[in-house]
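According to full-length UniProt numbering, the sequence shown is numbered sequentially starting from 1.
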Amino acid sequence: MAIIDPRLDGADRAEATPLWQRLGWMAAIWLGSVLTLGAVATVIRYWLNSPQS
């Protein structure tokens, strides 16, 4: 008797979507995270290099 049901409810739905769509979402999420990290790094760089008054 398993405590957690090993069947995944969304697995059939996930396999029904085309591969290009799943890869597109993965690429979009990756690109968004890279751009966000770059923006945060730029803000921190300008903040640390700003002249101290």
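Glycine included, each C-beta is placed from N, C-alpha and C at the ideal position. Bear in mind the structure is a predicted one, so any value in this text is a computation, not a measurement.
query: Alpha-carbon spacing of ARG45 relative to GLY38, whole angstroms; result: 10 Å
query: Spatial distance of VAL40 from LEU48 (CA atoms); result: 12 Å
query: Nearest-angstrom Cα separation, counted from GLY24 out to LEU31; result: 10 Å
query: Pairwise C-alpha distance: GLN52 and TRP20; result: 50 Å
query: Per-residue DSSP class, three states only, for THR36; result: helix
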